[in-house]
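Participant: Here's a structure for you.
Residue numbers (the working numbering), protein chains in the order written: chain A, 4 to 383; chain B, 1353 to 1792; chain C, 131 to 298; chain D, 147 to 404.
In structure tokens:
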């Protein structure tokens, strides 16, 4: 573990078991593997000696499907990858295709996109908080989190008619104008939310059991995190102040003031605090954006049939889970020649082994929870 | 107690009758505790809980029980069939056996053993075999890990809980459950006020012994799926379930008997008669409470959406009214009947109050990790229990030798113990700040 | 006394039968279960003798405490290996001779000392509370041996901790 | 299901079967291989614009990204730079010659085949045999600490059919650079696992989807598809419809499930 760049790779099936060691197969059907993740653990008593993630149970060949759909037709598919943050996925894809076309969405569209994406970030983090707390054994926060998430989903539903896989954005801008009372809804949510998040913190942040279960668990150093390509809150909790919204602003993020929360240790508790603070910051962005949504068109004039000129583009956004990138190659036809998705969950999950070694079985579920994976995105 | 049958026959028949009643009622009671649990949980989590089966889900336990009984019974191929079959039986029969010595009222007691408390502890400590053997016989890693955790946890926390109990025993000077309650009547004070720390230690220990959150590691859902019960289904699973809830009632019963005055009503030694009658004011309390519940049911009944639900609600109200009537009627009967009926009421009320705390903890706290659980048990609870024991014994000795009131000396002892508890907790905090990776 | 005799033979028979089963089972966990049964049957005999405290102690300490730890350790053993091992080893003839010798001794003892083993005195109807009796004996008359035994156990415990620590 | 003629077995596929409409984007003919210095192409797109053959101005108003971030390094290639004024020109790959490319060329010579700028994103095409060395250089000397992504693109008509693509990111310079290496069907590609551990799963996925063998990878097995899977799904000649029909014929005994 000394050299962060060394590749310690596990190959459980070929290793010989010690006297007191057992192999525990967690998943793909297990209450806390967040879907169909399967983790093979080699245990000495309850201590993890080695681990291996086995994924692919939810593989749907999204990248292959993309090659057989037109650019617009593929847009709803990206919602099905990280299905708890569909709006963010859609934003990344639409902006990537816009970049490929050499065009850009109008400013009004970009501001509305920013608001909805930040709301989606809050919703995604709320879901993470609830399930993470549930994994650690706190039964109650999940219901509070769902209560707030419901408010966000209602806004989505009012805006575009869908709650989960929203397909909220179109290539070139937006299909729908904001509904009447959109600003008030978002404002009301933001006003309530500040008390609610304090409420969660009183349940967990100072709780001795919670601190005991998360502090010092699954430590990931900054060097390890960078070497493993980890992004998002996990990276920031390790002390790297890096956020694509600041580093390479997209949508309308360059217009708003917000902080990038970071922590030092990179343990589960730090990641918890970072995400809690991120929710607060997202709320601030929403409030700033809602103050002044510029007037103007919501759709760029790009035509009905999209034929991007040959070439390729890589565009990435700061999704709730980390850097979500789209690498799209065009051959000049109406269908993408290749769409590659850089899924944050997939790459963050690679750090699992590093975090889990030497910890206990109970920590394993805390670590799976703290990486915040969505298997739809890991497996695609 | 003047019975109208020959005492020798009564000595055999009455306990048998009680036993049958307990075995028959307990599953129903457990089912309704589950409903209560779900309702309390729902209330704390800003939702409604079961609402569909019967008005406010009142028939839910019956539906659940039917579902469980009708489910397919699966025995894994590689399981040890004999032990797999035996284990839930051990669990549930040991849990039920413990009721033999639990006094629900002065008369409602199957056997008044002079080692009653020890008997209950002994029998409930056998229940662990149900868990351990079931976990092993399932031939699954999750079950085995659950069983191992359970065994280690039970052995550790039984010690702490037992030491907590002893502080109350010192006050009572007897192991017979009946004598313990009577001692509290004689001293005019529930023992929880003499040895609050002993009660606290027993409470924590009893949560751990019954595998309830935050100490539910043997069946920790998010880690071990369902722990030792992972491979069980249908009726066998419900036996485990029944055993768990029966054990909860047992530990609540022990706590009630030792610390909360058993079947005694509040201010039991305080007698204030209603003017002109022999009825005590405080004795009217239970029936008034139930009358209120009955009226509330009648108030709710017309508001139910479906006709059958209106009916069920009304029946529940009527039931409460009937019980209130019985409780009120007992006021005019002989003192023995009064004590029996009201004793059962107060006993159950205290048991449920204790259980409410169990539920409350469950919905508030995250789960401990195994090493933290062990550290809490061995480094905090057991030392604290020993200190508490010594302090309590010293208080008793002081009272006996020099004669200050027991109340004064026990308060002194409690303060000393509290100071030491704070020191222990601080120590523990320092220790747990050490990274876990190189822990025990 | 009829009921008592029946119960005695039941418990005694159960104890002997499960003791035999315990020795002959190949599956070590089954063996442990039979050992538990033996201990419980013995506890039943104690109860028949109206030694409630001894009964409860037997159950709490041996069955509820020590045997749990036994089973705990046994469960960690790889069963597949022990199932394949040969049940009786080479010393079985020595063991058989020793068992026979022990049996003969017990038989002889019963035969010659019948009167002293079974005093004709009946069990009194009301016994002194035996919890107190045990306590009086332990902390009064046998104080010194009791304390020596405690110190011995303490030393054993510390020794076990030291040995276990070294491995970690 | 239309892009390519459907042959199931990728091996039996002739590598060059008549060039059709698909142009090989990454090796355009117009900018010559040794495109010389057009200094600071990213910062002055105007300078580059005249070089382009002006095509039909289909793409309308590109109002420009709002990113007013000052690009720290000379090569702000990967970053959204200031508003591009090239309104009439659709995005086109341009030759790139910034400091990084020069340094790379100085050090690795022929291994740096080409450097282009496509939609203001830097692409360096390199020889696959030097992939590991160049990667190590990029990490150690050019501060490309993070391997953002590693993937591949299949061009079945080409002589070397795969593009192996590495997207690198430098925290210090806040810029991305894309390395691209051409690899033949059975040509092993050096693994970069020991340079960036992040490459482990990404290379496995590449192997899983394209059948590209990474030499030196500690455990090159399938990751998303089942271990016993036949074929490599993201190859262009992997036909879903044919697979489906075959499966139905074999397992259900009927002609077609469609």
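Every residue, glycine too, gets a C-beta built ideally from N, C-alpha and C. These figures come from a predicted structure and were not determined experimentally.
Would a check of beta-carbon distances place residue 356 of chain D closer than 8 Å to chain A?
Facilitator: As a working note, residue 356 of chain D is residue 210 in the fourth chain. It does not; no Cβ of chain A falls within 8 Å.
Participant: Establish whether the CB of residue 33 of chain A and some CB of chain B are separated by less than 8 Å.
Facilitator: Along the first chain, read from residue 1 onward, the residue named residue 33 of chain A stands at position 30. Closer than 8 Å: yes.
Participant: Below 7 Å on C-beta distance, what does residue 380 of chain D contact in chain A?
Facilitator: As a first step, residue 380 of chain D is located in the fourth chain; it is residue number 234 there, counting from the start. Neighbours of residue 380 of chain D on chain A, chain order: 66 and 67.
Participant: Going by Cα to Cα distance, which pick from A:373, A:266, A:171 and A:316 is closest to residue 156 of chain A?
Facilitator: Sequence index remark: in the first chain, residue 156 of chain A carries index 153 (1-based). Residue 156 of chain A has its Cα closest to that of A:171, out of A:373, A:266, A:171 and A:316.
Participant: Under the rule that 16 or more other beta-carbon atoms within 10 Å means buried, what is residue 273 of chain C, buried or exposed?
Facilitator: As a working mapping, residue 273 of chain C is identified with position 143 in the third chain. Exposed, because fewer than 16 other Cβ atoms sit within 10 Å of the Cβ of residue 273 of chain C.
Participant: Counting only Cβ pairs nearer than 7 Å, list the residues of chain B close to residue 261 of chain C.
Facilitator: Position 131 of the third chain, counting from 1, holds the residue named residue 261 of chain C. Here the neighbours are 1467 and 1527.
Participant: Does any residue of chain C bring its CB to less than 8 Å from the CB of residue 1471 of chain B?
Facilitator: Locating residue 1471 of chain B in the second chain gives position 119, counting from the first residue. Taking Cβ atoms only, chain C reaches closer than 8 Å to residue 1471 of chain B, which makes this a yes.
Participant: At a Cβ cut of 7 Å, what residues of the stretch 207–236 of chain A count as close to chain D, listed as they run along the chain?
Facilitator: Within the stretch 207–236 of chain A, the qualifying residues are 229, 230, 231 and 232.
Participant: Mind checking if residue 277 of chain C is an interface residue toward chain B, Cβ cutoff 8 Å exclusive?
Facilitator: Here residue 277 of chain C corresponds to residue number 147 of the third chain, with the count starting at 1. Chain B contact via Cβ: absent.
Participant: Under a CB-based cut-off of 8 Å, is residue 290 of chain A close to chain B?
Facilitator: Indexing the first chain from 1 puts residue 290 of chain A at position 287. Chain B contact via Cβ: absent.
Participant: If we define contact as Cβ-Cβ less than 8 Å, is residue 143 of chain A a contact residue for chain B?
Facilitator: Taking the first chain and counting its residues from 1, the one referred to as residue 143 of chain A is at position 140. Output row for residue 143 of chain A: interface = yes.
Participant: Secondary structure at residue 138 of chain C, three-state DSSP: helix, strand or coil?
Facilitator: In the third chain, residue 138 of chain C corresponds to position 8, counting from 1. In the structure shown, residue 138 of chain C sits in a helix (DSSP, three-state: H, G or I).
Participant: Can you pull the chain B residues whose beta carbon is under 8 Å from the beta carbon of residue 85 of chain C, in chain order?
Facilitator: The requested residue 85 of chain C does not occur in the structure, where chain C is confined to residues 131 to 298.
Participant: Among residues of its own chain, excluding the 5 on either side of residue 1394 of chain B, which ones have a beta-carbon nearer than 7 Å to its beta-carbon?
Facilitator: Position 42 of the second chain, counted from the start, is the residue given in the question as residue 1394 of chain B. 1400 and 1401.
Participant: On the DSSP bridge assignment, give the partners of residue 314 of chain A in chain order.
Facilitator: The residue given as residue 314 of chain A occupies position 311 in the first chain. Its beta-bridge partners are A:333.
Participant: Quick check on residue 1495 of chain B: buried or exposed, where buried means 16 or more other Cβ atoms within 10 Å of its Cβ?
Facilitator: Here residue 1495 of chain B corresponds to residue number 143 of the second chain, with the count starting at 1. So residue 1495 of chain B counts as buried.
Participant: I'd like the list of long-range same chain contacts for residue 359 of chain D, defined as Cβ closer than 6 Å, with 5 residues on each side in sequence excluded.
Facilitator: As a first step, residue 359 of chain D is located in the fourth chain; it is residue number 213 there, counting from the start. 334, listed in sequence order.
Participant: Going along chain B, which residues have a C-beta under 8 Å from residue 363 of chain A?
Facilitator: In the first chain, the residue the question calls residue 363 of chain A occupies position 360. Within chain B, the residues near residue 363 of chain A are 1721, 1722, 1723 and 1788.
Participant: Helix or strand or just coil, what does DSSP make of residue 1419 of chain B?
Facilitator: Within the second chain, residue 1419 of chain B is the residue found at index 67, counting from 1. Of the three classes helix, strand and coil, the one that applies to residue 1419 of chain B here is helix, per DSSP.
Participant: Compare the beta carbon distance of residue 1585 of chain B and residue 1423 of chain B with 8 Å and say whether it is the shorter of the two.
Facilitator: Residue 1585 of chain B sits at position 233 when you count from the first residue of the second chain. Residue 1423 of chain B sits at position 71 when you count from the first residue of the second chain. The answer is yes: Cβ separation under 8 Å.
Participant: Taking the continuous alpha helix (DSSP H) assigned at residue 1433 of chain B, which residues delimit it?
Facilitator: Taking the first residue of the second chain as 1, we reach residue 1433 of chain B at position 81. Taken as a continuous stretch (DSSP letters only), the alpha helix (DSSP H) holding residue 1433 of chain B covers 1433–1449.
Participant: For residue 198 of chain A, count the other beta carbons within 10 Å of its own beta carbon; 16 or more makes it buried, fewer makes it exposed. Which is it?
Facilitator: Here residue 198 of chain A refers to the residue found at position 195 when the first chain is read from its first residue. Label assigned to residue 198 of chain A: exposed.
Participant: Since residue 1606 of chain B and residue 1763 of chain B should fall inside the 8 Å C-beta cutoff, what is the C-beta to C-beta distance between them, to a whole number of angstroms?
Facilitator: Counting from one through the second chain, the residue named residue 1606 of chain B turns up at place 254. Counting from one through the second chain, the residue named residue 1763 of chain B turns up at place 411. Contact flag wrong, Cβ pair sits at about 24 Å.
Participant: Three or more C-beta pairs under 8 Å: does that hold for the stretch 261–280 of chain D against the stretch 319–328 of chain D?
Facilitator: These segments touch.
Participant: Taking its Cβ as the centre, do 16 or more other Cβ atoms sit within 10 Å of residue 108 of chain A, making it buried, or is it exposed?
Facilitator: For the purposes of this step, residue 108 of chain A is taken as the residue at position 105 of the first chain. Its Cβ being crowded by 16 or more others within 10 Å, residue 108 of chain A is buried.
Participant: Could you check which residue in A:144, A:88 and A:186 has the C-alpha nearest to that of residue 296 of chain A?
Facilitator: Within the first chain, the letter at position 293 stands for residue 296 of chain A. Closest option to residue 296 of chain A, Cα to Cα, is A:186.
Participant: At what residues does the alpha helix (DSSP H) containing residue 1753 of chain B begin and finish?
Facilitator: Along the second chain, one-based indexing puts residue 1753 of chain B at 401. Unbroken alpha helix (DSSP H) run through residue 1753 of chain B: 1734–1754.
Participant: To the nearest angstrom, report how far apart residue 31 of chain A and residue 42 of chain A are at their CA atoms.
Facilitator: Taking the first chain and counting its residues from 1, one reaches residue 31 of chain A at position 28. Taking the first chain and counting its residues from 1, one reaches residue 42 of chain A at position 39. Whole-angstrom Cα-Cα distance: 8 Å.
Participant: At a CB-CB cut-off below 7 Å, which residues of chain A make contact with residue 344 of chain D?
Facilitator: Working through the fourth chain from its first residue, we reach residue 344 of chain D at position 198. Those within 7 Å of residue 344 of chain D in chain A are 230, 231, 232, 350 and 353.
Participant: Of all the CB atoms in chain C, is at least one closer than 8 Å to the CB of residue 1737 of chain B?
Facilitator: On the second chain, position 385 is the one that residue 1737 of chain B refers to. Not closer than 8 Å to any Cβ of chain C, the Cβ of residue 1737 of chain B fails to qualify, so no.
Participant: Quick one: what does DSSP say residue 302 of chain A is sitting in, helix, strand or coil?
Facilitator: Indexing the first chain from 1 puts residue 302 of chain A at position 299. Residue 302 of chain A falls in the strand class under three-state DSSP.
Participant: Pop quiz: residue 315 of chain A and residue 331 of chain A are said to be a contact at Cβ under 8 Å. What is the actual Cβ separation, rounded to whole angstroms?
Facilitator: As a first step, residue 315 of chain A must be located in the first chain, where it is residue number 312. As a first step, residue 331 of chain A must be located in the first chain, where it is residue number 328. That belief holds up - the Cβ atoms of residue 315 of chain A and residue 331 of chain A are roughly 7 Å apart, short of 8 Å.
Participant: Could you tell me which residues DSSP pairs with residue 278 of chain C in its beta bridges?
Facilitator: Locating residue 278 of chain C in the third chain gives position 148, where the first residue counts as 1. Beta-bridge pairing links residue 278 of chain C to no other residue.
Participant: Over the uninterrupted alpha helix (DSSP H) stretch that includes residue 193 of chain C, give me the two end residues.
Facilitator: Residue mapping note: residue 193 of chain C aligns to position 63 of the third chain, counting from 1. Taken as a continuous stretch (DSSP letters only), residue 193 of chain C belongs to no alpha helix (DSSP H), as it is neither H nor E.
Participant: Helix, strand or coil for residue 267 of chain D, going by three-state DSSP, please let me know.
Facilitator: Taking the first residue of the fourth chain as position 1, residue 267 of chain D is located at position 121. Reduced to three states, the DSSP call for residue 267 of chain D is strand.
Participant: Do we get a CB-CB distance below 8 Å when we pair residue 269 of chain C with the residues of chain B?
Facilitator: For the purposes of this step, residue 269 of chain C is taken as residue 139 along the third chain, with counting starting at 1. No, no contact with chain B.
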